[in-house]
Amino acid sequence: MKVMNLGMPEMIFIFLLALVIMGPRKLPELGRQLGKFMAEFKRASNEFKHQLEAEMLNIELEERAKKAPPEGQALPAEEPWERLMRPVNETVSRAKSGLLASVNADPEPAGPSPAPVSDEASAPAKSAGGQ
0 MKVMNLGMPE MIFIFLLALV IMGPRKLPEL GRQLGKFMAE FKRASNEFKH QLEAEMLNIE
60 LEERAKKAPP EGQALPAEEP WERLMRPVNE TVSRAKSGLL ASVNADPEPA GPSPAPVSDE
120 ASAPAKSAGG Q
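For the sequence shown, numbering that gives the first Met the number 0 begins at 0 and goes up steadily by one.
Right under this line is the structure:
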């Protein structure tokens, strides 16, 4: 089965042929009907695809259920303290890295630094007090 490749010249020829056969008044109506048909076809194909995917998922779940151990069989023992300590260890390691990052960061001044006192500002006070 060969797939038909339509280029620009072929599309123009088909359009002109449809224009001659149908006429300029019927062509827009024909285009609308073709668009509606294509939208309906796309919707139906998407619905079919979703049904196939759902059926494949159901089959996979049934196969997993067949492979699952019987209910009478015991599961391996689990150490609950490891499961409980995992979040604590992660929290401690995050806090430690945050603390190290804040300690190693360059300290920024907490407020505005005091302006240096110039000799000119202190000179009038000395001369006023000396007179």
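Think of the CB as a built atom: it goes at the ideal place given N, C-alpha and C, for glycine as much as any other residue.
query	result
One question on the structure: do I13 and L26 come within less than 9 Å of each other, judged by their Cβ atoms?	no
Where does L5 sit, in a helix, a strand or coil, going by DSSP?	coil
Quick check on DSSP: helix, strand or coil for A53?	helix
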